Amino acid sequence: NLEQEDCIFFVVSSWTGGTPPENCIGFFQWLEDMTLDFRVDKSKFLKNVTFAVFGLGNSEYNSKDFCGAAKKLHNMLTSLGAKQLLPVCLGDASVEMDDQFAEWMKNVKHRVATANVDPEIVSNQLNVITNNDKEEESDLEVEPEDLINDRYLELEAEEEENETQLIDLEDIVTSPGKGPQDMVTKAQRKSLTKEGYKIIGSHSAVKLCRWTKHQLRGRGGCYKHTFYGITSYQCMEATPSLACANKCVFCWRHHKNPVGKEWRWKMDPPDMIVSEAINLHRKMIKTMKGVPGVQPNRLEEAYTVKHCALSLVGEPIMYPRINEMVGELHQRDISTFLVTNAQFPKAIIDLDPVTQLYVSIDASNKDALKAIDRPLFGDFWERFTGSLKALREKGQRTVYRLTLVKQWNMEDENDEEELCQYVKLLELGQPDLIEIKAVTYCGKSDASNLTMKNVPWHSEVRKFADTLCERTNGEYGTAAEHVHSCCTLLARKKVFFKDGEWHTWINYPKFHQLMKEYYASNGEKTFSTVDYLEKTPSWALWGAQEEGFDPKETRHYRKKKTKTLVGEKSMSP
């Protein structure tokens, strides 16, 4: 009954390719049918309706897709005779969205004063939009960069042109011209802080990993402990860049972090980031004091950070001074695992040695990668393959990380075409190691439609890994697995399989010695993967009875809260 409404306000987000979100597709399809139906009088169907559209998007995507759903909705309503109260507003998530929305509402109310619309109707409609979020946002200080100029308010002449008009970001919040802005907006800072992140400066963060807490209590370490021998309770999870160039469907941050294709923000110095990260990490470790089960000796040792996982959230390699930051960590004898999403090949080429360099391989072909990663770059596939080629030239340990998502990149572990495509990617980058893990379900999110049905069992991950390994014609072997994390490890035999035994663990003191020599020679004295290998313990191996669980730890099982009904059989995967 759209034609029976007086005044309607639309707030519309955009999905991949500028399409409407899934729960709006039906409405958009109906409206499009009306515009194409010859029986509908286009000049009269919505002639009594006044409307305004606020789009939600990110300007980092190409201009065609940016707020594409909002622009399409505005066009369809106008073509059916509806009268715009304001031109469509393109809200940009890369800056403070709340300020843009507040400014849009202010202008809606201003237009009502001169338009033939009942102010009471408008007031009621806007209350519906804002009441749900009023309590949550009331403590956020508004930071309007500029009020909209007078030209924006004088739209009568433009409205007579009967064309779709767009309000750009510049029409809402003009750049102050005072240099780069903070990467993290107030809304993003609040959201990330609420989830346990400690924000450092204007673009970095650190968070206490659950596996750090687990091993402090003697309940086992993470898969990196099993595969590579790190001490989980001495590991710091951090990132120098909360921004990313992808919006992956399985992102555990639900896209609450910034996005971008290049560095355009303020830049904090690497020594400050590292010092503050360690300081904040120690403070979080201190909160574990008194927690039942925490071992005093481990708590004391945990204050000394021995490892840094540069994989928290975002794209660490985007930070222009990443080499200096890695150097700050190495000077403190902190090993580094850096993860990149394979969209910045030149940054990979320019990167100094790290203990282990990861590339995320989220799909085997171009179409699947676009659907899963939802990249900002139009040439994402060329960047992806270029990153793999760059990885091949690195002298130190390199890893492909495959995250398996049912119905996305894991239709069938026996799919010959898909397996062949993965093998081609292996030939392109020739990684030392391949981690294959199940996607982690992080709960329902408006940013993704993943459910538990998309999460593979460990047996399925294991079978996929075994099958892929066979396709490499003996180049890789099944080295280790961590059943608790649904994660497996394939390793290049000629590098890691020595005298009938696997050597996937890392000799960390030897690595730090090699890095000191590298820095002292200004990068002239290089080294390779084989220079800092260590034997993998038997309990970590593929097929071991311990399933990758360190026997020095105590396995902990959660007590089931639900009772089994009489006659009901328990089911296990």
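Take 1 as the starting number for the sequence shown in the numbering used here and just add one per residue.
Ideal placement from N, C-alpha and C gives every residue a C-beta, glycine not left out.
Every value quoted in this text rests on a predicted model; they were computed, and no experiment measured them.
Asked, Found
"Is Thr526 helix, strand or coil by DSSP?", "coil"
"Less than 8 Å between the CB atoms is what I'm expecting for Ala52 and Ser14, so what's the real figure, rounded?", "Not really, about 17 Å apart at Cβ, beyond 8 Å."
"I'd like the list of long-range same chain contacts for Ser538, defined as Cβ closer than 7 Å, with 5 residues on each side in sequence excluded.", "Ala544"
"For Met325, does the three-state DSSP call read helix, strand or coil?", "helix"
"Does DSSP put Val354 in a helix, a strand or coil?", "coil"
"Thinking C-alpha only, which one of Thr488, Thr526, Arg397 and Cys420 is nearest Thr403?", "Thr488"
"By how many angstroms is the C-alpha of Lys552 removed from the C-alpha of Tyr574?", "The structure shown does not extend to residue 574, since the chain is modelled only from 1 to 573, so the question has no answer here."
"Starting from Thr212, trace the alpha helix (DSSP H) in both directions and tell me its first and last residue.", "Arg210 to Leu216"
"With respect to the alpha helix (DSSP H) encompassing Ala416, which residues constitute its N-terminal and C-terminal limits?", "Residue 416 is actually Glu in this sequence, not Ala. Run containing Glu416: Glu416 to Gly429, per the alpha helix (DSSP H) assignment."
"Once the 5 residues before and after Phe344 are set aside, which same chain residues still bring their CB inside 6 Å of it?", "Ile317"
"Relative to the alpha-carbon of Tyr532, which residue among Glu435, His556, Ile506 and Gly395 has its alpha-carbon at the smallest distance?", "Ile506"
"What are the complete beta strand (DSSP E) segments, minimum 3 residues, inside the stretch 366-416?", "398-404"
"Along the chain, where does the alpha helix (DSSP H) that runs through Lys275 open and close?", "Checking the sequence, you will find Ser at residue 275 rather than Lys. Residues Pro270 to Lys286."
"Taking the beta carbon of Pro176 as the centre, do at least 16 other beta carbons fall within 10 Å, making it buried, or is it exposed?", "Note on Pro176: pLDDT 45, under 50, position unreliable in the model; the coordinate value appears next. Pro176 should be labelled exposed."
"Near Asp373, which residues of its chain fall below 6 Å by C-beta distance, leaving aside the five closest residues on each side in sequence?", "Asn246, Cys248 and Asp362"
"Just list the residues that DSSP pairs Arg492 with in beta bridges.", "Tyr476"
"Let me make sure I understand the geometry here. Which of Thr554, Ala540, Ser521 and Thr398 has the alpha-carbon closest to that of Val495?", "Thr398"
"Using a Cβ-Cβ cutoff of less than 6 Å, which residues in the same chain neighbour Val294 once the five nearest sequence positions on both sides are dropped?", "Leu216, Arg217 and Met288"
"How far does the beta strand (DSSP E) with Val574 in it reach, from first residue to last?", "The structure shown does not extend to residue 574, since the chain spans only 1 to 573, so no value can be given for it."
"Who are the Cβ neighbours of Thr526 in its own chain at under 6 Å, not counting the five residues just before and after it?", "Gly395"
"Mind checking whether Leu312 and Lys389 have CB atoms under 8 Å apart?", "no"
"Within 10 angstroms of the Cβ of Val530, are there 16 or more other Cβ atoms? Answer buried if so, exposed if not.", "exposed"
"Should the stretch 452-470 be regarded as contacting the stretch 500-519, the criterion being three or more beta carbon pairs within less than 8 Å?", "no"
"Let's test the definition: count the other Cβ atoms within 10 Å of the Cβ of Ser63 and tell me whether it reaches 16, buried, or not, exposed.", "exposed"
"Starting from Leu77, trace the alpha helix (DSSP H) both ways and give me its first and last residue.", "Gly68 to Ser79"
"How is Thr340 classed by DSSP in three states: helix, strand or coil?", "strand"
"Would you list, in sequence order, the uninterrupted alpha helix (DSSP H) runs of no fewer than 4 residues that lie entirely inside the stretch 216-251?", "223-228"
"By DSSP, does Gln331 sit in helix, in strand, or in coil?", "helix"
"Any contact of the stretch 31-48 with the stretch 79-94, i.e. 3+ C-beta pairs under 8 Å?", "yes"
"For Asp432, which option in Thr385, Thr35, Lys213 and Leu391 has the closest C-alpha, if you only look at C-alpha atoms?", "Leu391"
"Using a threshold of 8 Å, state whether the C-beta atoms of Gly378 and Asp352 are closer than that.", "no"
"Might you give, ordered along the chain, the residues of its own chain that have their beta carbon closer than 6 Å to the beta carbon of Lys366, omitting 5 neighbours on each side?", "Trp381"
"May I have the straight-line CA-CA distance separating Leu541 from Thr239, to the nearest angstrom?", "30 Å"
"When you compare only the Cα positions, how much space is there between Thr185 and Ser204?", "12 Å"
"Give me, in chain order, the residues of the same chain whose beta-carbon lies closer than 7 Å to that of Arg219; leave out the 5 immediate sequence neighbours on both sides.", "Glu553, Thr554 and His556"
"Look up Ala187 in the DSSP assignment and say whether it is helix, strand or coil.", "helix"
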